[in-house]
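Below is one structure; the comments refer to it alone.
Protein chains in written order, with our numbering: chain L, 536 to 954; chain X, 536 to 954.
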């Protein structure tokens, strides 16, 4: 079953808005076992729409469209489709009643524009849009299906969930499709694919695909297995087998499953072990705290942070010794260790993360080039430290340092030996 | 000049990631006066890529592609394009040198994987990607141009800005186009368009368009004037006239020009007035410090922060009185005022920003629902405070609070009366 998505709208083509509808629709369809073969965005002009639908009708079985159904002159999707499919327009009472009802909710009266908007193609199944004035349309031609929906995300979502997906499910025998994602940190795409080469070449059947999705800013790689077939349960058990193989191969490189983040996983570990955390941040400027607190409920384990962007604060608030700063400088193993110990004491937490480095783009020195960063993690017993040598991209250095520090803490919390 | 964008990647087709590359590329092209006719997303499989490029070659003059250039098995764009265009692959020393350089930055060695990734189509112009291992490719065939770039946003952005757009500009006779952007904070799109209605309807000529670009997360609206014509200097002087009109109408709602941020503008003001800043953050969890320090050189005016996510830290580190916390709670005017005063003293700065609130999604109470946030700004003379009532979206609450606090400081620094 080949599905094409066509989003109509100049505001997408000029880059004024990002096309999130296509992703939302694809997610819905995947849950129903329908894979999207192609997504296309075209201008809201007659020729563009007709060409796009015409091309799609040649190869696709199901065509889902959004956009161009509003009450204004430049909304021509309905008339264009009616013309393309050879259908007349006629006043559709149920559509108008819906508009009247919506206006009444806001104590407003409709006008003639909405009478015109209530004209629908005769022979199309009209999909009443209870959250907006533009009805959707379901066309069938030579066993192919064309659905037109408004481009307003919540109106498209309403029609997909309440009208389109149920009809598709009733009409077609769907192939089963299953996804499973592992999130990894510590090695790049290439190293991971080396580790998984045998699995990919010798063990994965043709109907199961492994995709590498690196995030070079956050410094992680998501590994997504996709299985297509007939029997959902069979696919699930197949995926589980290969996922556990991958976990065995990758070990502690895997930090989570599905849609998660390193800060969320560190939070789970701290909560389950009933531990508290603080941070002392120089070059990350509060980004470790910011990412930790982006997780709802983080106040249960994250107590606070001292962003010591200046040396006096390192000295007077965190208690880094003047001698250390004079002798080794702020970007040094000695300094971050004292920062971690000082933050842990001051903020009274079980663990403290400390970071000091040169985020760039300027401020480098021959012995300490831009991207030189020291990390330390202190607990009651000891202080771990690690040196990073990153690049010259300030934002990336800050995010990578944050990810690396959180991952280092994760490894400590799961009892991994740190070298 | 017809431009088509083709984004390759199953992760887009299954809705796992939203395709932001297409919008970014369209924005770049628009600034150069090139309009995008079609955006298409297809699977990273040989047949899909060949069909997409084949179809585009029939109608488009310029085809810009992203995705499928990584070093792993599922990255087949390069070989597919070489096959389609009848080109051999050969080892490309400059591409490999670039990879070696990138690895050296991280103190790592390359391996054979990257030798293979350095094979490029003979006859294509190789676009060296200084921020990633995958080189871009520029093909010309029958006067048509096909460009292939990596799908990693920052790598695509680097190649567009440094290699692709300059080549397109050199190759084609573009109409003269000029943009000027004003950044505003404090009022929404609708209020702004009311204020600018007379300008839009009576003063702007047909060849100058005003676009409203709201950012509902950061809480700002960019106003972009775009002028198209023949004479660049004429367009510039026309834009200047209308920009100064807009500035007069909008007054202090305008915080900056072009590609800037509220944190960068606040930084400029602090630096020019030789003032220092610190923050005391509860519900923003370090985000104000993080955004201030995302600006290179911010260490000249931003000294540090105390993220007081727990009440004991508000009390013991920032010196908020126990009585205040007991009587009014942490989310109160009294508390943020004491936090601001305490941070200013502790971190020894001219100004201090303090924030305490309920970011959500949970933690609300009848008298203090989710989204209730108190801000305070202290200087030597006095302490200003402000209450915000935001929504239930945690991330948006954090970013909006950060933007509002920084904007409040900006208004104080330019001598605006705060109410």
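Every residue, glycine too, gets a C-beta built ideally from N, C-alpha and C.
Spatial neighbours of residue 704 of chain L in its chain, beta-carbon cut-off 8 Å, leaving aside the 5 residues before and after:
Within the same chain, Cβ atoms closer than 8 Å to the Cβ of residue 704 of chain L are found at 567, the five residues on either side in sequence being excluded.
Just to confirm, is the Cβ distance from residue 826 of chain L to residue 798 of chain L under 8 Å?
Yes. Within cutoff.
Residue 615 of chain X to residue 813 of chain L, Cα distance in whole Å?
Note on geometry: alpha-carbon atoms of residue 615 of chain X and residue 813 of chain L lie some 50 Å from one another.
Determine the direct distance from the alpha carbon of residue 845 of chain L to that of residue 562 of chain X, and round the result to whole angstroms.
Straight across, the Cα-Cα distance linking residue 562 of chain X with residue 845 of chain L is about 39 Å.
Taking a contact to mean a Cβ-Cβ separation below 8 Å, would you say residue 573 of chain X touches residue 575 of chain L in this structure?
Yes, Cβ-Cβ distance for residue 573 of chain X and residue 575 of chain L is below 8 Å.
Minimum length 3: unbroken beta strand (DSSP E) runs contained in the segment 625 to 701 of chain L:
Listed in chain order, the complete beta strand (DSSP E) runs (minimum 3 residues) inside the segment 625 to 701 of chain L are 654 to 656, 660 to 662, 671 to 676 and 679 to 684.
Could you check whether the Cβ of residue 551 of chain L sits closer than 8 Å to any Cβ belonging to chain X?
Yes, because at least one Cβ of chain X sits closer than 8 Å to the Cβ of residue 551 of chain L.
Rounding to the nearest angstrom, what Cα-Cα distance links residue 940 of chain L and residue 755 of chain L in this structure?
Whole-angstrom Cα-Cα distance: 13 Å.
Please classify residue 647 of chain X as buried or exposed, where buried requires at least 16 other C-beta atoms within 10 Å of its C-beta.
Exposed, because fewer than 16 other Cβ atoms sit within 10 Å of the Cβ of residue 647 of chain X.
Is residue 873 of chain X helix, strand or coil by DSSP?
DSSP places residue 873 of chain X in helix when its eight states are reduced to three.
Three-state secondary structure assigned by DSSP to residue 890 of chain L:
Reduced to three states, the DSSP call for residue 890 of chain L is strand.
By Cβ distance below 7 Å, which residues in the same chain neighbour residue 666 of chain X in space, the five residues on each side in sequence not counted?
Cβ neighbours of residue 666 of chain X beyond the five flanking positions: 689, 690 and 693.
Quick check on this structure: which residue in X:847, X:619, X:731 and X:545 has the alpha carbon closest to the alpha carbon of residue 565 of chain L?
It is X:545 whose Cα lies nearest to the Cα of residue 565 of chain L.
If we cut at 8 Å on Cβ distances, does residue 896 of chain L have a partner in chain X?
For residue 896 of chain L, the answer is yes, since a Cβ of chain X falls inside 8 Å of its Cβ.
Using the three-state DSSP reduction, which class does residue 842 of chain L fall into: helix, strand or coil?
Residue 842 of chain L: strand per DSSP, three-state reduction.
Run through the segment 908 to 942 of chain X for me and flag every whole beta strand (DSSP E) of 3 or more residues, listed as ranges in chain order.
Inside the segment 908 to 942 of chain X, DSSP marks whole beta strand (DSSP E) runs of 3 or more residues at positions 918 to 924, from first to last along the chain.
Buried versus exposed call for residue 807 of chain L [16 or more other C-beta atoms within 10 Å across all chains shown]
It is exposed - the Cβ of residue 807 of chain L has fewer than 16 other Cβ atoms within 10 Å.
By how many angstroms is the C-alpha of residue 767 of chain L removed from the C-alpha of residue 781 of chain L?
Using only the alpha carbons, I get a separation of about 21 Å.
Out of L:949, L:862, L:928 and L:811, state which residue places its alpha-carbon closest to the alpha-carbon of residue 888 of chain L.
With respect to the C-alpha of residue 888 of chain L, the residue from L:949, L:862, L:928 and L:811 having the closest C-alpha is L:811.
Cβ of residue 574 of chain X less than 8 Å from any chain L Cβ?
Closer than 8 Å: yes.
So residue 747 of chain X and residue 773 of chain X are in contact, right, with Cβ under 8 Å, and what is the actual spacing, rounded?
Actually they are not in contact, since the Cβ atoms of residue 747 of chain X and residue 773 of chain X sit about 20 Å apart, beyond 8 Å.
What residue does the beta strand (DSSP E) around residue 791 of chain X start on, and which one ends it?
The continuous beta strand (DSSP E) containing residue 791 of chain X extends over residues 789 to 792.
Does the distance from the C-beta atom of residue 653 of chain X to that of residue 630 of chain X stay below 8 Å?
Cβ distance < 8 Å, so residue 653 of chain X and residue 630 of chain X count as in contact.
With 9 Å as the C-beta to C-beta threshold (strictly closer), list the residues of the segment 760 to 784 of chain X near chain L in chain order.
Against chain L - using a Cβ distance shorter than 9 Å - the segment 760 to 784 of chain X contributes no residues.
Taking only three categories from DSSP, how would you classify residue 763 of chain L?
In the structure shown, residue 763 of chain L falls within a strand segment according to DSSP collapsed to helix, strand and coil.
Using a Cβ-Cβ cutoff of less than 8 Å, which residues in the same chain neighbour residue 915 of chain L once the five nearest sequence positions on both sides are dropped?
Only 885 meet the Cβ criterion.
Compute the Euclidean distance between the alpha carbons of residue 578 of chain L and residue 557 of chain X, then round it to the nearest angstrom.
Cα to Cα, residue 578 of chain L sits roughly 14 Å from residue 557 of chain X.
I'd like the ranges of any beta strand (DSSP E) spanning at least 3 consecutive residues and lying wholly in the segment 555 to 616 of chain X.
Restricting attention to beta strand (DSSP E) runs no shorter than 3 residues, the segment 555 to 616 of chain X encloses them at 571 to 577 and 597 to 601, ordered along the chain.
C-beta contact flag for residue 909 of chain X and residue 920 of chain X at 8 Å
For the pair residue 909 of chain X and residue 920 of chain X, the CB atoms are nearer than the 8 Å cut-off.
Which listed residue (X:795, X:870 and X:731) has its alpha carbon closest to that of residue 786 of chain X:
Considering only alpha carbons, the answer is X:731.
Below 6 Å CB to CB, which residues in the same chain sit around residue 862 of chain L once its five sequence neighbours on both sides are set aside?
Counting only Cβ-Cβ distances below 6 Å, and skipping sequence neighbours, we find nothing.
For residue 810 of chain X, three-class secondary structure by DSSP
In the three-state scheme derived from DSSP, where H, G and I count as helix and E and B as strand, residue 810 of chain X is classed as coil.
Taking CB distances under 8 Å as the criterion, tell me whether residue 797 of chain L reaches chain X.
By this cut-off, residue 797 of chain L is not an interface position.
Cβ atoms of residue 837 of chain X and residue 925 of chain L: under 8 Å apart, would you say?
No, the pair does not count as a contact, with Cβ atoms beyond the cut-off.
Inter-residue spacing [alpha-carbon to alpha-carbon] between residue 752 of chain X and residue 932 of chain X:
Taking the straight line from one Cα to the other gives about 8 Å.
How far does the beta strand (DSSP E) with residue 858 of chain L in it reach, from first residue to last?
Run containing residue 858 of chain L: none in the beta strand (DSSP E); it sits in the alpha helix (DSSP H), 857 to 863.
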